[in-house]
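Here is the structure we will look at.
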Amino acid sequence: MTKIIKKKGSNKQKSTFSAIEGLHVAFKDAAKSNEGVIIQRCLAAFLLVVMYIAASGFKTYCWQLAPQLSNPSIMMKGRLGDGNEVIVDDYREGYWWLRDNTPQDSRIMAWWDYGYQITAIANRTTIADGNTWNHEHIALLGKALTTTEDEGYEIARHLADYVLIWAGGGGDDLAKSPHLARIANSVYRDHCSDPACRGFGFTDRQGTPSVMMERSFLYKLHGHNMANGVKANARYFQEVFRSKYGKVRIFKILGVSQESKDWVANPENRLCDVPGSWYCPGQYPPGLQDILSRKTDFAQLEDFNRGNRGQSDEQYQKEYFEALANPKKAVDKAREWEVSREKKVVEDAKKNPVETQEEEPKPKPTQEQINEVNGKWENSEASTLMWELITNGQIDSIEAWLKREPLAAFVRSEDGRGPMWWAFESRNQEIVKLLMRAGVSHGDTDKYGKKPASLLDP
0 MTKIIKKKGS NKQKSTFSAI EGLHVAFKDA AKSNEGVIIQ RCLAAFLLVV MYIAASGFKT
60 YCWQLAPQLS NPSIMMKGRL GDGNEVIVDD YREGYWWLRD NTPQDSRIMA WWDYGYQITA
120 IANRTTIADG NTWNHEHIAL LGKALTTTED EGYEIARHLA DYVLIWAGGG GDDLAKSPHL
180 ARIANSVYRD HCSDPACRGF GFTDRQGTPS VMMERSFLYK LHGHNMANGV KANARYFQEV
240 FRSKYGKVRI FKILGVSQES KDWVANPENR LCDVPGSWYC PGQYPPGLQD ILSRKTDFAQ
300 LEDFNRGNRG QSDEQYQKEY FEALANPKKA VDKAREWEVS REKKVVEDAK KNPVETQEEE
360 PKPKPTQEQI NEVNGKWENS EASTLMWELI TNGQIDSIEA WLKREPLAAF VRSEDGRGPM
420 WWAFESRNQE IVKLLMRAGV SHGDTDKYGK KPASLLDP
């Protein structure tokens, strides 16, 4: 019985190899036939054509890419509106201007991306560069650029003499500023309403800034005398250079703290590892202690030396990923946070009317922006605040608010009513006139079909 089993297995294995060998012989015979030879030659010709097309395409791609890789990174070719090709040399011009027109001990505030270029080409001290490993220092720089103009100036005057802004093109400072705000918030946790800083950025594809971005130090300098209604505070900054194509702008910081500058330059205030060492890290001047006292040192998730900060950092990371997963919720939270801040600003403006009068009015909002705000019927903090101001007849506070944020005149509550209804209901003709000047219609209807004027009926 055993021999029979072996014989059957042997025959099965032999038959398998015989089939493969037979198939091989069949292909070999077919290849030698006239038809087989023709097919082989056609296949070879087809492969040669495909390889030629691929090689030609790669050659064209290489020639197109070569000029881009060969040009200096701070110089590039561009085309004007009339189609003429030009060399855009704005960045080198800006660095040379710093080299030729500023004192040798000048300190330049700019985002760290350009630090090496400022040091090498302009031969000036920069606040940060690509070798700045200190995350807290980068966060302080990010906060100075993305916080309000007033607070940013108070930081800058203790650190720098000039501010350099990349102000043109898709990769300019304003385009990357939401990342700057997030970095700042990772250390200064009260900088944004959420860890992802959804409240700092553009609100639409037309480049309309959010309230937080519009107030920022960076936005004021970036759009100074170029964007509608944007002007840097003349008490803080003086524009001293604008490149040929507007890609680089340099501002002189007015009222620089000489005390802080001298303190930093004093060798006694440096932390040398040993006396006479070349390794002597500096310290922040005392004038920045207030802002520095609010920081939370950054820690990676895998940092096991966090100590008692571990729990708070884990909560921060959790909120960060929640904001990324649910951006709409984060944006709504950011808006509520901004309204709370606006309420405080309005109250301060009422106490200090002189400062409010110095502000220039913002440009009139577009109809698209008005429709977006007017179409949201909800009991938000903004609508509640507006109702309180109108009910209490605080016309000065309303006027100050609308001067900074014209769209506030178009908020609607859950019942479809807005500022114009509340003004008629309060029988306050002055507020009605103020709202009409702001462009608010008195012909709209609420969810009951009533117009504002109908509230005057007994």
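In terms of numbering that gives the first Met the number 0, the sequence shown opens at residue 0 and continues consecutively. Here a beta-carbon is modelled for each residue, glycine too, at the ideal position from N, C-alpha and C. Please read all numbers here as calculations on a predicted model, not as lab measurements.
Please report the distance separating the alpha-carbon of F216 from that of D203. Each residue's alpha carbon lies about 21 Å from the other.
What are the start and end residues of the alpha helix (DSSP H) that includes V48? Counting along the chain, V48 sits inside the alpha helix (DSSP H) bounded by residues 33-69.
Among residues of its own chain, excluding the 5 on either side of Y278, which ones have a beta-carbon nearer than 6 Å to its beta-carbon? Apart from the 5 residues on each side of it in sequence, Y278 sits with its Cβ closer than 6 Å to the Cβ of D272 in its chain, given in chain order.
Please classify F216: does DSSP put it in a helix, a strand, or coil? In the displayed model, F216 falls within a helix according to three-state DSSP.
Do G93 and V247 have their beta-carbon atoms positioned less than 8 Å apart in this structure? Yes; because the gap between Cβ atoms is below 8 Å, this pair is in contact.
R426 by DSSP, collapsed to three states: which one? Shown here, R426 sits in coil according to DSSP, grouped into three states, outside any helix or strand.
Identify whether E92 lies in helix, strand or coil by the three-state DSSP scheme. Helix at E92.
If you draw a straight line from the alpha carbon of I252 to that of P285, how long is it in whole angstroms? Straight across, the Cα-Cα distance linking I252 with P285 is about 19 Å.
Identify whether M225 lies in helix, strand or coil by the three-state DSSP scheme. Coil.
Starting from W165 and walking both ways along the beta strand (DSSP E), at which residues does that stretch end? Counting along the chain, the beta strand (DSSP E) containing W165 begins and ends at 161-165.
Using the C-alpha atoms, what's the distance from F409 back to L163? Whole-angstrom Cα-Cα distance: 38 Å.
Run the CB neighbour count on R156, radius 10 Å, all protein chains shown included, and call it buried at 16 or more, exposed below. By the Cβ-count criterion, R156 is buried, with 16 or more other Cβ atoms from all chains shown falling within 10 Å of its own Cβ.
Given a cut-off of 8 Å on the beta-carbon distance, is the pair V186 and K327 in contact? The Cβ-Cβ distance between V186 and K327 does not fall below 8 Å.
Looking at C-alpha atoms only, which residue of G281, W111, R78 is the closest neighbour of A138? Shortest Cα-Cα distance from A138 to any of G281, W111, R78 involves W111.
Using DSSP's beta-bridge definition, name the partner residues of R241. R248, per the DSSP bridge assignment.
Here's the rule: buried if 16 or more other CB atoms are within 10 angstroms of the residue's CB, otherwise exposed. What is E357? Reliability fails at E357, whose pLDDT of 47 lies under 50, so the model's placement of it is uncertain and no value is given.
Determine the burial state of D104: buried for a count of at least 16 other Cβ atoms within 10 Å of its Cβ, exposed for fewer. Per the 10 Å Cβ criterion, exposed.
Whether or not the stretch 436-455 and the stretch 414-426 are in contact is what I'm after, with contact meaning three or more pairs of Cβ atoms, one per stretch, closer than 8 Å; do they touch? The stretch 414-426 makes contact with the stretch 436-455; the number of CB pairs closer than 8 Å reaches 3 or more.
Would you mind stating whether W96 and F240 have Cβ atoms separated by less than 8 Å? Yes; because the gap between Cβ atoms is below 8 Å, this pair is in contact.
Assign V461 to one of three DSSP states: helix, strand, or coil. Residue 461 is absent from the structure shown; the chain starts at 0 and stops at 457.
In terms of DSSP beta bridges, what is V87 paired with? Within the DSSP secondary-structure output, V87 pairs in a beta bridge with M75.
Is it the case that the Cβ atoms of A399 and A381 are separated by a distance below 8 Å? No, they are not a contact pair.
Can you give me the C-alpha to C-alpha distance between Q116 and L220, rounded to a whole angstrom? Spanning the two alpha carbons is a distance of roughly 21 Å.
How would you call P451, buried or exposed, if buried means at least 16 neighbouring beta carbons within 10 angstroms? Burial of P451 is indicated by the presence of at least 16 other C-beta atoms within 10 angstroms of its C-beta.
With H, G and I counted as helix, E and B as strand and the rest as coil, what does DSSP make of T145? T145: helix per DSSP, three-state reduction.
What does P208 pair with, by DSSP beta-bridge criteria? Answer is F201.
Range of the contiguous alpha helix (DSSP H) that encloses I369: I369 -> alpha helix (DSSP H) spans 366-373.
Alpha helix (DSSP H) segment containing I117, residue limits: From DSSP, I117 is part of no alpha helix (DSSP H); its letter is neither H nor E.
Which residues in the same chain as D414 place their Cβ atom closer than 8 Å to its Cβ, once the five residues preceding and following it in sequence are excluded? Within the same chain, and ignoring the five residues on either side of D414 in sequence, the residues whose Cβ sits closer than 8 Å to its Cβ are W376, D445, K446, Y447.
Mapping the DSSP letters down to three states, classify T355 as helix, strand or coil. Legend: pLDDT at T355 = 41, less than 50; position of this residue unreliable, no value from coordinates given.
With distance defined between alpha-carbon atoms, name the residue in T147, E153, K243 nearest to H190. The candidate whose alpha carbon is nearest that of H190 is T147.
Just confirm the distance between the C-beta atoms of R106 and T131, as a whole number of angstroms; I'd bet it's less than 8 Å. Cβ atoms of R106 and T131 stay farther apart than 8 Å, at about 14 Å.
Buried or exposed: T145, going by 16 or more other Cβ atoms within 10 Å of its Cβ? Answer is buried; the Cβ neighbour count reaches 16.
Tell me the rounded alpha-carbon separation between I120 and G141. Cα to Cα, the separation comes out at about 23 Å.
Where does I107 sit, in a helix, a strand or coil, going by DSSP? Here I107 sits in strand by DSSP.
What distance in whole Å lies between the Cβ atoms of Y218 and L173, which are believed to be in contact at a cut-off of 8 Å? Taking 8 Å as the upper bound for CB-CB distance, L173 and Y218 are in contact here, some 7 Å apart.
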